[in-house]
Amino acid sequence: MVRKNRGYITLFLLPTVALFIIVYAVSLVILFGTSFTEWSAGRSPVFTGLANYIKLFTDDADFRQSALNTGIWVVLQSTVHVAIGTLFAVILSMKEFYWKFARTVYMFPNIISGAAVGMLFLCMLNPEFGAVNSIVRLFGNADYSQNWFMDYATAFLSVTMTWLPYAAVVTILILAEIAAIPESLFESARIDGASNFKINLYIIIPMLRNIIGTCVILSGTSMLQKMDIILMTTGGGPGNATMNLPIYIYKTALMDNNFGYSNSVGVFLIGFGLIFVLLCRNLFRIGSSEH
Amino acid sequence: MRKSLYKTGCTLAGMLMLTMSITACGSGNSAENNGAAATAGSGNAAAPAAKAPVKISYLTFRVGTHASAKMEEEQIKQFNAKYGNEVEVVVEEIPSDAAYVDKIKILAASGDVPDVVMGKDGINDVLIKGNLATPFNDYLDKDAEWKAAIGEDALASNTRDGKIWSISDQKQNIGYFYNKEMFEKAGIKPAETWDEFMSNNEKLKAAGFVPLALMTGENAWTSNLILAAMIGTNGDNGKAFMNTLHPTDFNTPEMIKALNMMKELLEKYTTKDALGAGYANAANAFSQGKAAMIANGPWMIGDFSDPAKSSEGFDAKVGVAAYPDNSLISTYEVGYMIGAKTPETRDAAEKFIKFKTGLEGQTIALEYGNVMPVSSEVQPSDALKEKYPIMVESITVAQKTQLHYRTLDSIVYPNVTDAWKNLYPKLVAGRATAEEIAQELTDIAAKNK
């Protein structure tokens, strides 16, 4: 039977494999290959061996700061962001009060483009005319308003707040998983006298392990591409306080005109992403279904 | 055995792919793109008399709310009316200066630039180094009228090793605009020395006004104009620095002194949102009467009577002044370059650029974009003078100044221009001294490839 279907399987897989090779594999080979070269726009790459990588790990403070910021954001996104999304999903799954309205409102920031959200926050936090500082000025005699995005003390958190609480995608994925849990399980638990809290804690959450693991991977890896909002709000500043690896890649390639070095950072970013995904897969035992 | 053969095959295929990929990436230097070696005008001989218009690609950022959008639209419209049967300009609109620069650089990396390119913000360097542009020497040698319309100085500013790589479409004479009402209330007049300039700031502040509309986001434009003036007026070394293309050493006493002065301005004499603000914020602060001064060029004049940007009658309150020490930023734009690869498209690109930068194009730019022409033959019409009296004032101020220097944007590497947005906050927050910022600028310039 398997042998009979093998031809069809190969036939249907071919377009995907071909697309993968053309779109991803070739790009990856170019990225990896040119990361060992000195290459700037309009010129041919010149092989320089491990020079880019040696410089990257020994003599580049901006890279270290970018990698650190990226790491912190990945951790925050995989924990706080996913926790907020999960909590919201569990609350919404109870289908109480105006849950459909709440779900729709919660979805809004996720359907607006990153650039527009950045612009919105820039206006809200503007020290001259922003709503937040206007409210701050209403209290007390002294003017406590400040330049949230350009103050070293607040910049990192201000940028983080533009995406961290808006976990609608996580909520929707988890809501779908909750909906797939057989109703008979809840009924049995209720017959045994379990409260809603205990049902959530001992039945729903353990059964969500797979999907939470998937959400952690999705949320964490989204931080490996985060660029638009940061560019709109702080541009990586003040200094390099909010610089991350994608912005560093952009700056090295397009501002320094150093594509070879930029690609070595790209290779590091891919490696970082792969390790993160593998760790999450093992941690959440994604794919196994022992419950 | 089969397994080992399979592994060897895969390895060979991978190596082949890598080699092909790298070779493909470097195709920017192929014979086809050997633009610098091409001779201009070679397409004329082969061109038949009647045939379909030659298509040329042109990307522009002067669209939408851009100050020069009207000018661009009018130039293309008039070009089409005159030469539409010979050349078809395929316009792609990029609604952001920064996005335009990024896109051209990415295209240059693959050796595929548009036929007509505006060489701003380091694009000219990339195209010249990558052998992706055709110099204008042959074209200009055949057309004395066009050469005269641009002028020797403008041509010299874009000449390297005897090759004219781009044609300037405008001269930038940049001083600063001030709010006459606020100046009167503070009892001051435009400063003649930097001490007086700082004292004016203090007097304006004491009178309850914010003295300066500064911004450090984007390319820190309005702040860096003042920084350039501070450096350019600081003796012969300062003037020389501000007229040097691609300075690599920023560790100079002039730069350090100017950075310290800028720190004071950003700390004490500007709006609270100046750190990180974009051009629009600074322009708005001045046009809405929230700040007394803004450093900027004549293209802003139209905004003062635009009801969407300024209050009614605001244009009557605006005066224009030179920087202290009777000095002014005076520089030629990089202008347009030929990126076309075939003789036919090169000739068509040259025709389009000639129209834009010739007397007709300069007139349109002046009338529709308040852009200073490079030729003295092009003068503002009576209607324009009546509509924008401050334009006449700007020209008079420019004629009276004796000391001239360029903008920082026009002399430094693009990665230095990009760095200001992160360095100014560092300076103001006290995370780095002026000396350390100067060293960082030097290091950043050294990173440019």
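As given, the protein sequences belong to chains A and B, one line each in that order. Each residue of the first sequence is one higher than the last, beginning at 1 in our numbering. Each residue of the second sequence is one higher than the last, beginning at 1001 in our numbering. Just so it is clear, CB atoms sit at the ideal spot from N, CA and C, and this is done for glycine as well. Since this is a predicted model, take the numbers as computed values, not measurements.
is_contact[residue i, chain A] using C-beta, thresh 7 Å
i: residue 1207(B); result: no
i: residue 1425(B); result: yes
i: residue 1038(B); result: For residue 1038(B), the predicted structure reports a pLDDT of 41, less than 50, and the residue's modelled location is therefore unreliable. A value from the coordinates is still provided. Judged by the 7 Å Cβ criterion, residue 1038(B) is not in contact with chain A.
i: residue 1414(B); result: yes
i: residue 1529(B); result: There is no way to answer for residue 1529(B), as the model of chain B reaches only from 1001 to 1449.
i: residue 1210(B); result: no
i: residue 1102(B); result: yes
i: residue 1418(B); result: yes
i: residue 1265(B); result: no
i: residue 1341(B); result: no
i: residue 1302(B); result: no
i: residue 1448(B); result: yes
i: residue 1422(B); result: yes
i: residue 1044(B); result: A caution first: residue 1044(B) carries a pLDDT of 47, below 50, which makes its placement in the model too unreliable to give a value.
i: residue 1082(B); result: no
i: residue 1163(B); result: no
i: residue 1105(B); result: yes
i: residue 1022(B); result: In this prediction, residue 1022(B) has a pLDDT of 38, which is less than 50 and means its spatial position is unreliable; what the coordinates show is noted afterwards. Closer than 7 Å: yes.
Closer than 8 Å at the beta carbon, the chain A residues around residue i
i: residue 1108(B); result: 41 and 42
i: residue 1275(B); result: 147, 150 and 238
i: residue 1217(B); result: 235
i: residue 1111(B); result: 42
Chain A residues whose Cβ lies nearer than 7 Å to that of residue i
i: residue 1271(B); result: 128
i: residue 1130(B); result: 41, 42 and 43
i: residue 1126(B); result: 41, 42 and 257
Below-7 Å beta-carbon distance, residue i vs any chain B residue
i: residue 202(A); result: no
i: residue 147(A); result: yes
i: residue 237(A); result: yes
Cβ-heavy atom distance, residue i to the ligand SAM, below 6 Å
i: residue 1332(B); result: In the structure shown, the ligand SAM is absent, as is every other ligand, since no ligand is present at all.
Per-residue DSSP class, three states only, for residue i
i: residue 1436(B); result: helix
i: residue 240(A); result: coil
i: residue 1145(B); result: helix
i: residue 1211(B); result: strand
i: residue 1292(B); result: strand
i: residue 64(A); result: helix
i: residue 1179(B); result: strand
i: residue 1395(B); result: helix
i: residue 1334(B); result: coil
i: residue 1327(B); result: strand
i: residue 1168(B); result: coil
i: residue 81(A); result: helix
i: residue 154(A); result: coil
i: residue 1310(B); result: coil
i: residue 21(A); result: helix
Chain B contact residues for residue i, given Cβ-Cβ distances below 7 Å
i: residue 144(A); result: Near residue 144(A) there are no residues of chain B at all, since even the closest Cβ is about 12 Å away, more than 7 Å.
For residue i, the nearest candidate out of the options (CA to CA)
i: residue 1280(B); options: 1316(B), 1308(B) and 1092(B); result: 1308(B)
i: residue 1179(B); options: 1168(B), 1173(B) and 1201(B); result: 1201(B)
i: residue 295(A); options: 82(A), 204(A) and 49(A); result: A query on residue 295(A) cannot be resolved here, the shown segment of chain A reaching from 1 to 291 and no further.
i: residue 1212(B); options: 1264(B), 1408(B), 1111(B) and 1055(B); result: 1264(B)
i: residue 1339(B); options: 1352(B), 1329(B), 1333(B) and 1386(B); result: 1352(B)
i: residue 177(A); options: 207(A), 160(A) and 159(A); result: 207(A)
i: residue 1152(B); options: 1228(B), 1332(B) and 1132(B); result: 1332(B)
i: residue 1195(B); options: 1184(B), 1223(B), 1234(B) and 1167(B); result: 1234(B)
i: residue 1358(B); options: 1374(B), 1216(B) and 1368(B); result: 1374(B)
i: residue 1313(B); options: 1321(B), 1320(B), 1297(B) and 1287(B); result: 1287(B)
i: residue 265(A); options: 6(A), 228(A) and 28(A); result: 28(A)
i: residue 1428(B); options: 1362(B), 1260(B) and 1080(B); result: 1260(B)
i: residue 172(A); options: 110(A), 203(A) and 163(A); result: 110(A)
i: residue 1411(B); options: 1198(B), 1378(B), 1381(B) and 1445(B); result: 1445(B)
i: residue 248(A); options: 63(A), 58(A) and 166(A); result: 63(A)
Closer than 9 Å at the beta carbon, the chain B residues around residue i
i: residue 152(A); result: 1425, 1426, 1429 and 1431
i: residue 244(A); result: What residue 244(A) touches in chain B: nothing, since even the nearest Cβ is about 13 Å away.
Under 9 Å from the C-beta of residue i: neighbouring residues of chain A
i: residue 1120(B); result: Simply none; closest approach about 14 Å.
Fill in: Residues of the region 246-265 of chain A with Cβ closer than 7 Å to any Cβ of chain D, in chain order
Of the protein chains in this structure, namely A and B, none is chain D.
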